[in-house]
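Engineer: Take a look at this one; I'll ask things after.
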Amino acid sequence: MAEQRTVHSINVPLIKSPSLRVPRPVELPPDIHPLPEDVTAYFVYPFTIEPHILTLESSRQTTLAAHAARRDAYLRAREEEKVRRKKEALRRVAPGFDPDMGTLLPTKLSTPMTHTPIVPTTQKGPITLPPRSAMDDLVDQLAAMESRSSQPLSPRPNNIS
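The sequence shown begins at 103 in the numbering used here and counts up one residue at a time.
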């Protein structure tokens, strides 16, 4: 009797659900290419695409180089424009100023006038000059400027480039 139960239980499904269905077996097309047992034949490099790849790569490299050169030229021109504007602004404030030359230093165009005091010949001994004030120096400088304005101007170097 034990054998009868096992025979009947083999043919009886354990779970039967209406949502469960058995998938259809997969049918392979008749022209499918089966893989060989040795797949090293598939790892051969196709040299037929080589010129195409090299042409694309060289054109890409030249395009990148042209873009880089154009970008560098644009940045250099922008920096030069900044420097030019800065120099123009400085020249508006101080004409003839060139920041590349450093600080402006005053230069003397002529020798300052030396005072020769008139001493009476009757006085003997050491000569003492009265102390000079700032007003005396100013008067002397104005007199020197007047005498220079009557003389023709000598050409001066111009720092403006």
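Think of the CB as a built atom: it goes at the ideal place given N, C-alpha and C, for glycine as much as any other residue.
Between 173, 129 and 202, which has its C-alpha nearest residue 189's C-alpha?
Structural biologist: 202
Engineer: Which class does residue 128 belong to by DSSP, given the choice of helix, strand or coil?
Structural biologist: coil
Engineer: Got a sec, what are the start and stop residues for the alpha helix (DSSP H) residue 237 sits in?
Structural biologist: 236-252
Engineer: Any idea what DSSP makes of residue 185, helix, strand or coil?
Structural biologist: helix
Engineer: Mapping the DSSP letters down to three states, classify residue 205 as helix, strand or coil.
Structural biologist: coil
Engineer: For residue 152, name the three-state secondary structure that DSSP assigns.
Structural biologist: Note: residue 152 maps to helix in three-state DSSP.
Engineer: Would you report the Cα separation of residue 159 and residue 122, rounded to the nearest angstrom?
Structural biologist: 56 Å
Engineer: Quick check: residue 199 and residue 207, are their CB atoms within less than 7 Å of each other?
Structural biologist: no
Engineer: From the DSSP output, in three-state form, read off residue 122 for me.
Structural biologist: Coil at residue 122, not helix or strand.
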